[in-house]
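All remarks here apply to the structure that follows.
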Amino acid sequence: MLSQQITTLIDKELKKYPADQRQSAVMAALRFVQDEKGWIASADMADVAAYLGMPQMAVYEVATFYHMYNLKPMGKHTLTVCTNLSCQLCGSGDTLDHLNKRLGIGLGEVTPDGKYGLREGECMGACVDAPLLTINNKKMCGRLTSEKIDQILAELDKQ
Amino acid sequence: MNAPIILNTQHFDQPWTLENYLKVGGYQALRKVLTEKMSPDAIIAEVKASGLRGRGGAGFPTGLKWSFMPRNYQGEKYLVCNSDEGEPGTCKDRDILRYNPHMLIEGMAIAAYCMAVKTGYNYVHGEVFECYERMEAACEEARKAGYLGKNILGFDFEFDLHNHMGYGAYVCGEETALLESIEGKKGQPRFKPPFPASFGLYGKPTTINNTETFASIPYIIREGGKKFADIGVPNSGGVKLFSVSGHVNKPGNFEVPMGTPFRKLLEMAGGVRNGHKLKAVIPGGSSMPVLPGEIMMEVNMDYDALQKAGSYLGSGAIIVMDETTCMVKALERLSYFYHEESCGQCTPCREGTGWLYRIVHRIEHGEGRPEDLDLLLDLCNNIAGRTICALGDAAAWPVQGMLKHYRNEFEYHIEHKRCLV
């Protein structure tokens, strides 16, 4: 079942599109599920399909096509590090090394306490702030250094 | 430097507010269009006179594109802004979205008036959530102040704009993939024709322009197309935002006239980092062929000059690489990107991008074979031009550019199993 909070958000999103185009809200709907649960299970996809009146398969196609959806639990704070060229030139390799060392996990993994997950991202469209990462697809942190990463982790540790 | 035209609210503490946008002449162009009841032909004529070409990368003349929309079509038509900025190196639209959202809204409202469209969508790159939120707030602000919605500024003109957030798919920057995405599907490009002007969003006539393209419109209408054109050089009218990233001391976005020498932009970005020597530059986003530094230092940043030099202006994203850069490693990352982002629809791209990546990967890791370089070029010839969308070309061009100018580095890698640099 989708929570009341999620259906309220989806209803708001649906107002953007023609009444007979409910499927247009599927990307947002999956995003709301992920924001609430941290990841999207097949059962959630089925719920979204039922709510929007579209085939479950079509929801699955969308969930698996776009990279930012978590199709497995990715921790309370999913850190996605861009490693594309501008970031690579500016040291995203060091960023990843530092995160590996601090969190003890590699890409696609989650810390045993479920607090952090680490993902690799493709170009985030903020190359002048390289190297950079996003937190739960919401907040972007750029011009990363080891010190700055430590600060970010210290902040997140408090939450 | 002249006062900025696109990022003209930067001097305010809160550049994104309606209040500040109005202080720099915001919404005057829309008011002018409505007050003077400018005809669609007159608006298109100004846009054509401005020399404005699509700022997303393809450089298609904007005025011409607008003229493709059917005039007498009865029924819904759509206007779409492509803010799905994910071409590596490119981050100029992000500054428009977060610092000058009302300029985009005004540009789209003028375009909507011109093409008699009532509904617009702005497709925002998924990774820049803060920009999406900023746009949502700006649209709400514009609605309340009467710049969006029904009876805009008291005239018989209706237009509303909605933001649609992407969620991580480079290919959605391709206009028909973007339309599929708004429709709630996988972002797989459509075969063209039919073009979006006849069969676009929900099968209705649709015009799609890039964020920076729309943001250029208010100035063109307010000051006249000729004035905009005169800022640039022939065939490349106006100003352009260039994102300079990579090995420079002060990476950033710079708004300069078209035709500005690369040398000048490099200087604005603080020069090559740590006093290193310039090695190579990708001048228009990662899909465009790389050029050696010595060629770039003599090139002006406009469509014709870059094409003459063997590359393209693309999105205006300049990736600077200094002498410490291994070109094999750089290409390996780009090839991985295109492989990862191929939508899988066309065999040459789906399979070919994987081949490209695996071959460059083995060269980088000391397992390259002497015949690999010819194999790479052969693959490129079997991908480029053989796919529904331009992602195939985008995957092939970096490989071809690298092998044209840095073949020796790849040969060295194969022979010695390590970097030349």
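For the protein sequence lines, the chains are H and F, in the order given. First residue of the first sequence? That's 1476 in our numbering, and the numbers climb one at a time after it. First residue of the second sequence? That's 239 in our numbering, and the numbers climb one at a time after it. Every residue, glycine too, gets a C-beta built ideally from N, C-alpha and C. Small disclaimer: the values here were computed from a predicted structure and weren't measured.
By the Cβ-count criterion, F/L386 is buried, with 16 or more other Cβ atoms from all chains shown falling within 10 Å of its own Cβ. Here DSSP, grouped into helix, strand and coil, assigns H/K1633 to helix. Legend: CB atoms of the segment 320–332 of chain F lying less than 8 Å from CB atoms of chain H belong to residues E323, G324, E325, P326, G327, T328, C329, D331 and R332. With a 10 Å radius around the Cβ and a threshold of 16 neighbouring Cβ atoms, F/K464 comes out exposed. Counted as a single uninterrupted DSSP element, the alpha helix (DSSP H) harbouring F/D542 occupies residues Y541 to A547.
Counting along the chain, the unbroken alpha helix (DSSP H) around F/G639 starts and ends at L629 to H654. When secondary structure is reduced to three states using DSSP, H/T1609 falls in the strand class.
Taking C-beta atoms under 8 Å as the contact rule, H/L1560 and F/P308 fail to qualify, at a distance of about 41 Å.
Distances from the alpha-carbon of F/I652 to those of F/F466, F/D468, F/L611 and F/G292 put F/L611 closest. Runs of the alpha helix (DSSP H) lying entirely within the segment 1551–1607 of chain H and spanning at least 4 residues, in chain order: 1560–1564 and 1567–1578. Using a 10 angstroms sphere on the CB of F/D331, the tally of other CB atoms reaches 16 or more, which defines it as buried. By the 16-neighbour rule on beta-carbons within 10 angstroms, F/H577 is buried.
According to the DSSP assignment, H/K1614 belongs to no alpha helix (DSSP H) but to the beta strand (DSSP E) extending over K1614 to C1616. In terms of Cα proximity to F/V285, the closest of F/K315, F/I459, F/L335 and F/L569 is F/I459.
Per the DSSP secondary-structure output, F/K478 pairs in a beta bridge with F/V494. Excluding sequence positions up to five before and after F/E374, its CB lies within less than 6 Å of the CB of N401, all in the same chain and listed in chain order.
Annotated three-state conformation of F/H249 is coil, per DSSP. Listed along the chain, the chain H residues whose CB falls inside 9 Å of the CB of F/T563 are L1564. F/C319 has F/N360 and F/N447 as its beta-bridge partners, per DSSP.
In this model, F/L335 and F/L342 are separated by some 8 Å (Cα to Cα). With a threshold of 8 Å between beta carbons, H/H1542 makes contact with chain F. Around the beta carbon of H/A1518, a 10 Å sphere encloses fewer than 16 other beta carbons of the protein chains shown; the residue is thus reported as exposed. Of all residues in the segment 339–363 of chain F, those with a C-beta nearer than 7 Å to a C-beta of chain H are H363, reading in chain order.
C1598, M1599, G1600, A1601, C1602, V1603, D1604, A1605 and T1609: these are the residues of the segment 1598–1610 of chain H whose beta carbon lies less than 8 Å from some beta carbon of chain F, given in chain order. Shown here for H/M1502: same chain residues with a beta carbon closer than 8 Å to its own, the five before and five after excluded, namely V1537 and Y1541 in chain order. Per the Cβ contact rule, the segment 499–516 of chain F is in contact with the segment 534–548 of chain F (3 or more Cβ pairs under 8 Å).
Contact with chain F is absent for H/G1581, since none of that chain's Cβ atoms lies less than 8 Å from the residue's Cβ. Under the three-pair Cβ rule at 8 Å, the segment 347–365 of chain F counts as touching the segment 387–401 of chain F. Fully contained in the segment 398–424 of chain F are the following beta strand (DSSP E) runs of length 3 or more, in chain order: 398–403. Contact of H/A1500 with chain F by beta-carbon distance below 8 Å involves G422. Any Cβ of chain H closer than 8 Å to the Cβ of F/S573 would place that residue at the interface, and such an atom is absent. The bridge partners DSSP lists for F/M373 come to none. Per DSSP, the beta bridge partners of F/L529 are F/V519. Under the Cβ distance rule, H/A1503 counts among the residues neighbouring chain F, one pair being separated by less than 8 Å. Residue-level contact by beta carbon holds for F/H485 and chain H, with a gap shorter than 8 Å. Only exposed fits H/R1618, as fewer than 16 other CB atoms lie within 10 angstroms of its CB.
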